[in-house]
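Contents: one structure, followed by commentary.
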């Protein structure tokens, strides 16, 4: 699989030359494969937000490079705008950024700025609205009449309407109730599956990460602490906890069971997998 | 035990946003009584009425029908409004929306200043309140440079400086990261334990209910479940049908029971769950 994003020795320094000088990310190198669903975890201050703002050129590296499709995004600084159309970034609490009179106009803002007009623009808006489960009747409403969960879906649709190749989401489900969280994640999975897009999900919820992503990147104090599949990463549960990070609740139960002498695979991190392991153990136990 | 807050046939309707629009019934005849010194968690999906209920507890919202009594005082009695709001303090979701001053100690002093507390007493209350939330070293800091969890603890300190009997937290942990959430939770648990302050915590995070004395579940403007967390979370099917989840510990036990394993659904914490499972599965 080809690599859509390559990050090479990325360092970003805030407040250079002042007493507050600090490297928010330091010498990060990793790549994101085309069509991949990547999760990024790390606690507040670990450099996650700084990192993702480099991926569509909102921040410029102090040193190092970001390559999109093999090309340095800052090779021609005047064309950075086109990078932002290809890499869509959904910030935390995006509903605070809604501003238009109608939902339709709000979703159309991005693609219209890309130069889309007429039927083409209409198609982008409607397909993005469908993708997040907004009914046609909602399109004529003011976005400010909607519930919190619906507003957030409008904001997400506004980015999806630009049909980005890479979609980056910073804490997309924060503040939603369990049903709202699940609905929004289902919309994002649909985008990923049906449009073949690359998705990068930043989240504090280990359960959300565990259930959705192909691969995880763990950041700690401006560096990459580990990367790998959810199985590989959560198998190192003790290290994650020592780093002050959370692990899925199931991982903690699995760790506690191992402490009690049950031979549970340390890579188990979902309820279904742990259940399977336990039922297999019961059978084994009955035979003896 | 005496009663902190009591509602009697409480209802509330939000008027239609525009003419000809639909009004929203948020509360339909809620009867609930909260004991002094207890730690109560309120769960429910968006629109279930839980935030509306919380806002009636210190007269931010007044009953559309029925009554709310705070230590026996009717919130409909305008004369009692100040007294009621001194007894019950609220902390809201967004830490950035509830800090008013440029220095931490001034922010915490805001309520007692407005209550006309003498200045030496204010000094003492501010210092005590900051100590109670573990933020003493930040007394002269600028609030906007603090983390979300620290800001929420300042907001809690601002409420404590008023010396209330009850704190209501309306999704006060929703915007925080796991560390910030842990800070706020351990702070309110300590205030409950050490100072006997009644805590009403409204949340979407089921795990925050683990250590509560009591859990109320709201659905469609009514209290549909009321009991100890261990008891409430055994109603796995019902909770799921209301758009809520159960902690993964209970989900696992539930699935194992479906497979015929004899494990109790009440083993809520990670250790209890591991103990229960280990007991049910013989190790060689």
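Residue numbers (the numbering used here), protein chains in the order written: chain A, 562 to 849; chain B, 84 to 367.
From the three backbone atoms N, C-alpha and C, an ideal C-beta is built for every residue, glycine too.
- Secondary structure note for residue 150 of chain B: its beta strand (DSSP E) is the uninterrupted segment 148-153.
- Residue contact with chain B for residue 605 of chain A: present (Cβ-Cβ distance below 8 Å to some residue of chain B).
- The three-state reading of DSSP puts residue 657 of chain A in helix, counting H, G and I together.
- DSSP lists A:594 as the beta-bridge partner residues of residue 564 of chain A.
- The C-alpha of residue 193 of chain B is placed about 14 Å away from the C-alpha of residue 203 of chain B.
- When C-alpha distances from residue 95 of chain B are compared across B:117, B:105, B:109 and B:271, the shortest belongs to B:109.
- Straight through space, the alpha carbons of residue 363 of chain B and residue 344 of chain B are spaced by roughly 7 Å.
- At least one CB atom of chain B sits nearer than 8 Å to the CB of residue 810 of chain A.
- Taking a Cβ-Cβ threshold of 8 Å, the residues of chain A close to residue 262 of chain B are 604, 605 and 805, in chain order.
- At a cut-off of 8 Å between C-beta atoms, residue 176 of chain B counts as an interface residue with respect to chain A.
- At a cut-off of 8 Å between beta carbons, residue 331 of chain B contacts chain A.
- Secondary-structure assignment with DSSP links residue 780 of chain A through a beta bridge to A:785.
- Taking C-beta separations shorter than 8 Å and ignoring five residues to either side along the sequence, the partners of residue 327 of chain B in its chain run 126, 127, 128, 289 and 300, following chain order.
- Under a criterion of Cβ atoms nearer than 8 Å, no residue of chain A is adjacent to residue 218 of chain B; the nearest Cβ is some 17 Å distant.
- Around residue 804 of chain A, the same chain offers 781 and 786 as residues with beta carbons nearer than 7 Å, after the five sequence neighbours per side are excluded.
- Against residue 821 of chain A, the close residues of chain B are 357 and 361, in the order they occur along the chain (beta-carbon pairs closer than 7 Å).
- Linking residue 807 of chain A to residue 767 of chain A through their CA atoms gives a straight-line distance of about 7 Å.
- Residue 827 of chain A has a beta carbon lying at 8 Å or more from every beta carbon in chain B.
- Around the CB of residue 214 of chain B, fewer than 16 other CB atoms lie within 10 Å, so the residue is classed as exposed.
- Of all residues in the segment 339-356 of chain B, the ones placed with a Cβ closer than 8 Å to any Cβ belonging to chain A are 339, 342, 344, 353, 354 and 356, in chain order.
- If you ignore the 5 residues before and after residue 317 of chain B, its C-beta comes within less than 7 Å of the C-beta of 348 and 349, all in its own chain and listed in chain order.
- Taking the Cα positions, residue 581 of chain A is about 16 Å away from residue 587 of chain A.
- Under the criterion of beta carbons closer than 8 Å, residue 774 of chain A and residue 613 of chain A do not qualify as touching, at roughly 15 Å.
- Shown here, residue 362 of chain B sits in a helix according to DSSP, grouped into three states.
- Fully contained in the segment 294-365 of chain B are the following beta strand (DSSP E) runs of length 3 or more, in chain order: 297-302 and 305-310.
- Here the alpha carbons of residue 724 of chain A and residue 707 of chain A stand approximately 24 Å from one another.
- At a cut-off of 8 Å between beta-carbon atoms, residue 741 of chain A makes contact with chain B.
- Beta-bridge annotation (DSSP): residue 249 of chain B is paired with B:171 and B:281.
- Bounds of the beta strand (DSSP E) holding residue 91 of chain B are 86-97.
- DSSP places residue 115 of chain B inside the beta strand (DSSP E), whose first and last residues are 107-118.
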